[in-house]
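**Student:**
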Amino acid sequence: MEKWQQVALNGIRLQVNGYNRVVKSVVSSYSANGSWIGNLGKSRVGKLFGVCLAVFLGVCSLAQAETDAINAKLIAPVGSTDPLKIDLPDDMDLLLLTTLSVELDQVDVTSLLSLDGQDFLYQPPEPLSAGTHEVKLLSLTDPANPVVVGQWTFEITGGAGGSVSLNQQPTEEQIARAEKAMTSANFRADTLTEFSYRFDDERITSEPDRAILSGAGDLSGEIESGNWRFSSRGNYLLQTDNDLSLTGNALDIGEYDLRLDYAGDTVQGGAVLGHHDIGQRSLIMDGFYRRGMSVRLGDAGQHITAQGFSFGTESLSGGDNLMGLNDEDERLSGGLVTVQPFSNDIDALKITGIYYQGKGAGIGDGIMITEPVADGRGWGAIVKKGFANQQLTIRGEYAETRYDQDGDEGTAPEEDAHAISVVVEGRPFAEGPILLGNATDVFLGARYDRVGTYFQSLANYGLAGDRDAYTAYGNLNWGALATNLQYSYETNNVDDLDSLPTDRLQNLSFGLNYTFMPQSEGLAWLGTPNVYLSGYLADMDRVDTPGGYLGPDTDNTSTSLTAGVNTSYGNWSWGLSHSISTYEDDTDLSSDTINNGTALNVNWSDYDRFSIGSSVQFNVFEDRDTNEISYGTNFLVDISAEVIKDTLNLNLDYNLNLAAGSGDQPDTHLVNGEVEWTFLQPERNQPGLALALGGSMENTNDNAISTDDETVYQAFFIIRVKAPFAYND
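Following the numbering used here, the numbering of the sequence shown begins with 27 at its first residue and continues without gaps.
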């Protein structure tokens, strides 16, 4: 029987003999709340998780047996010719029994052993010599690293008899095993709860409840014992005003995850429930962070790792759909396998295969009361290889998708498409050369992407389809100078459809940043200046227009350029920047425009109890076709002060928005402020209590129509409780 079959059978036996009771208990407790477990168990995904769970439990149980001490006893021989017996536990797993060996005086005598029931029996082929003898019982689950699980000494006196005594000094293996079995735990919670009462207001349009209890908290915990580690994190939301509540419930959970990890000497694995992703970026799954569950299993050397997963396709919060898998029309399931066949070093060849299928909201431009249920599936393969300690890396990927935007019940056809991505990047110099006394670091890369016209994935909404793109990029760091440059050439109508035109987009972008040395003497007030410059040029035009095409033409250019300087000196910091952007449409389908923006910010702090920051932004937008010009000004002041140390705090924000010119809008003034008196400072495991008065006021002033002038304000009384909790063991 193959070892993996033994492992699987061991896992199934564990599930039947022990874990089955736990599984039945969990199933019965959830069956009262819904039938999702039964449905999951009947589905292909459920069967996949069942097999993964059985194998995982088997592997982990076998690995755990390797490290646990075996409660064996030595029955010493009475005389020099009498047999030696090792009394083993009656309930020992037969698979584990086959991994044991016995040494007598550092000589392997396993081949001379016989079984007395389930005990080892050794008959000396010749009389034992007088003196002290040592017996070791070893586990050879990993033949390269045998583990001593039992050790004894006995003495033969004059060849006539013997007596036994336990070795009082623990072996190094026993000490390491004992340390590994130690349990540690920690817990942390940061909570904030507020009771607010609105005691005065004027002209509030969307009036909330007068008395509101609100708050939020982040919690995390971890328990580690031996090879096992359980960790959790989550947050909760408290909001008694249903109109303001994120989920419609007064108290609900936000995001959470529960993780169980196992790291053995031969295998590793784990399971995750809650918000997470699969930990692998690909053309068909990228940035897909959802509520769901996954199970992974692999060898300790990471030569092969497998993962099964099932996620809800919608972003969820709240406890109504705790696992995210309640709705079959909003579920995505699949698996991935990663193989490193030769080694697990940093440059090792790594091959990953991934597959998913599922249903979810359709991807489209329309907004419907009832969104269509899209049906999608996809698979892909990724190959990655490094050279010279990641000095050069090559990554290639191929993916296919089948996507039906309205599912089986709709009239839209199912579309097949494929995508290819190849990336080559690295550093041409292992150690950057020294130029004019400064170290140089150069990073270069090239990328090719071909994404089919109808390529769409339920697990990668952000991927732009229908493009054939070549990209070259590079970064140069030389002393205090950092630069980057990127050029891309892209065309659409990848599948050469006769009814579609082919457009071309060329994009050049760059960035430059330089930090000067701290200034001194007469220029000391300049502090440590930092200057930067960035911009891009994008040109789009038509390459081919099919006969009879009645759509719009394409020929436009966009540019942007931003320059600025920042510096700090003592308690002061300030910055100045200016940006200019243009859009020119040679088809005259839209207006040519130019936009200029200037920003200035100044900040001062006493490093301890007072800080003030201020910024002003001035913007001019010009429509060159209509000769209309709009002016916009935004002024912001933020003040934070600790009036009485650790007791009285003041926060005040003022924002002014002015609009003029052809785009004239009413001027607005917005003020937010709060005074907080802390009666009890929050400390670890000791809640803090504070009272506060806060409010906001917005004034609208229309210079042309005085009847549009309006002042809106509201004032609150607040009781605030901050409770940081922590536990470490």
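Even glycine gets a Cβ: it sits at the ideal position worked out from N, Cα and C.
1. Identify, in the order they occur along the chain, each residue of the same chain with its Cβ nearer than 8 Å to the Cβ of Pro109, setting aside the five sequence neighbours on each side.
2. With H, G and I counted as helix, E and B as strand and the rest as coil, what does DSSP make of Thr231?
3. CB-CB under 7 Å to Tyr575, same chain, minus the five flanking residues each way: which ones, in chain order?
4. Would you identify the three-state DSSP class for Ala506, choosing helix, strand or coil?
5. Quick one: grab the DSSP three-state call for Phe136.
6. Quick check on Val133: buried or exposed, where buried means 16 or more other Cβ atoms within 10 Å of its Cβ?
7. Count the other C-beta atoms from every protein chain shown that fall within 10 angstroms of the C-beta of Met319, then say buried if there are 16 or more, exposed otherwise.
8. What residue range is occupied by the uninterrupted beta strand (DSSP E) comprising Glu129?
9. Could you name the residues of the same chain whose beta carbon sits closer than 7 Å to that of Ile304, not counting the 5 residues immediately before and after it, in chain order?
10. Do you know offhand how far Thr588's Cα is from His604's?
11. How big is the Cα-Cα spacing for Asp244 and Gln740?
12. Determine whether the beta carbon atoms of Gly714 and Phe742 lie at a separation below 9 Å.
13. Mapping DSSP to helix, strand and coil, what is Glu435?
14. Do Gly422 and Glu451 have their beta-carbon atoms positioned less than 9 Å apart in this structure?
15. Cα-Cα, which of Thr364, Asn352 and Phe337 is closest to Ile330?
16. Do the segment 410-418 and the segment 429-440 make contact, defined as three or more Cβ pairs closer than 8 Å?
17. What are the uninterrupted segments assigned as beta strand (DSSP E) that are 3 or more residues long and contained completely in the segment 488-548, given in chain order?
18. Locate the beta strand (DSSP E) running through His329, then write down its first and last residues.
19. List, from N- to C-terminal side, the beta strand (DSSP E) runs of 3 residues or more that fit wholly inside the segment 263-323.
20. I'd like to know if the segment 280-300 and the segment 322-329 are in contact, where contact means that at least 3 CB-CB pairs between them fall below 8 Å.
21. Determine whether the beta carbon atoms of Ile101 and Ser165 lie at a separation below 9 Å.
22. Starting from Gly773, follow the beta strand (DSSP E) in both directions and report where the run begins and ends.
23. Can you tell me whether Ala752 sits near the ligand HEM, meaning its C-beta is under 8 Å from at least one heavy atom of the ligand?
24. Ignore the nearest five residues each way along the sequence and tell me which others in Asn253's own chain have a CB closer than 6 Å to its CB.
25. Could you check which residue in Leu130, Asp565, Glu736 and Phe751 has the C-alpha nearest to that of Glu228?
26. Which residue marks the beginning of the beta strand (DSSP E) containing Ile620, and which one marks its end?
27. Rounded to whole angstroms, how far is the Cβ of Val663 from the Cβ of Ser640, which I believe are closer than 8 Å?
28. Relative to the C-alpha of Ser257, which candidate in Asp278, Gly548, Leu284 and Gly143 has its C-alpha closest?
29. Hey, Thr619 and Phe647 are a contact pair by Cβ (cut 8 Å); roughly how many whole angstroms apart?
30. By how many angstroms is the C-alpha of Phe481 removed from the C-alpha of Arg746?
31. Between which two residues does the beta strand (DSSP E) harbouring Glu426 extend?
32. Could you pull the start and end residues of the beta strand (DSSP E) that Met118 belongs to?
33. Can you grab the Cα-Cα spacing for the pair Asp391 / Asp355, in whole Å?
34. If you measure between the beta carbons of Leu358 and Gly338, is that distance less than 9 Å?
35. I'd like to know if the segment 340-351 and the segment 424-437 are in contact, where contact means that at least 3 CB-CB pairs between them fall below 8 Å.
36. Bridge partners for Glu250 per DSSP, in chain order?
**Tutor:** The answer reads as follows:
1. Here residue 109 refers to the residue found at position 83 when the sequence shown is read from its first residue. Cβ within range, chain order: Pro103, Leu147, Tyr148, Gln149 and Pro150.
2. Numbered from its first residue, the sequence shown carries residue 231 at position 205. Here Thr231 sits in coil by DSSP.
3. Within the sequence shown, numbered from 1, the residue matching residue 575 stands at position 549. So the list reads Pro527, once near-sequence residues are dropped.
4. Counting from one through the sequence shown, the residue named residue 506 turns up at place 480. If DSSP states are grouped into helix, strand and coil, Ala506 belongs with coil.
5. Mapped onto the sequence shown, residue 136 falls at position 110. First, the residue type needs correcting, since residue 136 is Thr and not Phe in the sequence shown. In the structure shown, Thr136 sits in a helix (DSSP, three-state: H, G or I).
6. Residue numbering aside, residue 133 sits at position 107 when the sequence shown is read from its first letter. The residue in question, Val133, is exposed, as its Cβ has fewer than 16 Cβ neighbours within 10 Å.
7. The count along the sequence shown starts at 1 and reaches residue 319 at position 293. So Met319 ends up on the buried side.
8. Here residue 129 refers to the residue found at position 103 of the sequence shown. Run containing Glu129: Leu126 to Leu130, per the beta strand (DSSP E) assignment.
9. Translated into the one-based positions of the sequence shown, residue 304 becomes position 278. Closer than 7 Å at the Cβ level, and outside the excluded window around Ile304, lie Met311, Ser320, Gln333, Phe335 and Leu362.
10. Here residue 588 corresponds to residue number 562 of the sequence shown, with the count starting at 1. Here residue 604 corresponds to residue number 578 of the sequence shown, with the count starting at 1. Answer to the nearest angstrom: the Cα atoms are 6 Å apart.
11. Numbered from 1 along the sequence shown, position 218 holds the residue referred to as residue 244. Numbered from 1 along the sequence shown, position 714 holds the residue referred to as residue 740. Asp244 and Gln740: Cα-Cα distance of roughly 29 Å.
12. Against the sequence shown, residue 714 aligns to sequence position 688. Against the sequence shown, residue 742 aligns to sequence position 716. No, Cβ-Cβ distance for Gly714 and Phe742 is not below 9 Å.
13. By 1-based counting over the sequence shown, the position of residue 435 is 409. Glu435 falls in the coil class under three-state DSSP.
14. In the sequence shown, residue 451 corresponds to position 425, counting from 1. In the sequence shown, residue 422 corresponds to position 396, counting from 1. Contact flag unset, no.
15. For the purposes of this step, residue 330 is taken as residue 304 along the sequence shown, with counting starting at 1. Here the closest residue by C-alpha is Thr364.
16. no
17. 493-504, 507-517 and 528-541
18. Counting from one through the sequence shown, the residue named residue 329 turns up at place 303. Unbroken run through His329: none, as it is neither H nor E.
19. 277-289 and 293-302
20. yes
21. By 1-based counting over the sequence shown, the position of residue 101 is 75. By 1-based counting over the sequence shown, the position of residue 165 is 139. In this structure, Ser165 does not lie closer than 9 Å to Ile101 by Cβ.
22. Summary: the structure shown does not reach residue 773, with the chain confined to residues 27 through 755, and so no result is reported for it.
23. For the structure depicted, the ligand HEM is absent and the ligand set is empty, with no information on it obtainable.
24. Your numbering for residue 253 matches position 227 in the sequence shown. Taken in chain order, the residues that qualify are Tyr288, Ala289 and Gly290.
25. Walking along the sequence shown from the start, residue 228 turns up at place 202. Taking only the C-alpha atoms, the option nearest Glu228 is Glu736.
26. For the purposes of this step, residue 620 is identified with residue 594 of the sequence shown, where counting begins at 1. Looking at the DSSP string, the run of the beta strand (DSSP E) that includes Ile620 is Thr619 to Ser631.
27. Along the sequence shown, one-based indexing puts residue 663 at 637. Along the sequence shown, one-based indexing puts residue 640 at 614. Sure, about 5 Å apart at Cβ, within 8 Å.
28. Position 231 of the sequence shown holds residue 257. The shortest C-alpha separation from Ser257 is found at Leu284.
29. Taking the first residue of the sequence shown as 1, we reach residue 619 at position 593. Taking the first residue of the sequence shown as 1, we reach residue 647 at position 621. Contact between Thr619 and Phe647 is confirmed by a C-beta separation of about 7 Å, below the 8 Å threshold.
30. Position 720 of the sequence shown, counting from 1, holds the residue named residue 746. Position 455 of the sequence shown, counting from 1, holds the residue named residue 481. Taking the straight line joining both Cα atoms gives about 51 Å.
31. Your numbering for residue 426 matches position 400 in the sequence shown. Its beta strand (DSSP E) spans residues Leu418 to Asp430.
32. Indexing the sequence shown from 1 puts residue 118 at position 92. Here Met118 belongs to no beta strand (DSSP E), and DSSP marks it neither H nor E.
33. One-based indexing of the sequence shown puts residue 391 at position 365. One-based indexing of the sequence shown puts residue 355 at position 329. Any reading at Asp391 must be qualified, since the residue scores a pLDDT of 39, below 50, and its modelled position is unreliable; the value itself is stated next. Each residue's alpha carbon lies about 20 Å from the other.
34. Here residue 358 refers to the residue found at position 332 of the sequence shown. Here residue 338 refers to the residue found at position 312 of the sequence shown. In contact: Leu358 and Gly338 (Cβ atoms closer than 9 Å).
35. No: fewer than three Cβ pairs fall under 8 Å.
36. Taking the sequence shown and counting its residues from 1, one reaches residue 250 at position 224. DSSP, once it has assigned bridges, lists Ser210 and Arg255 as partnering Glu250.
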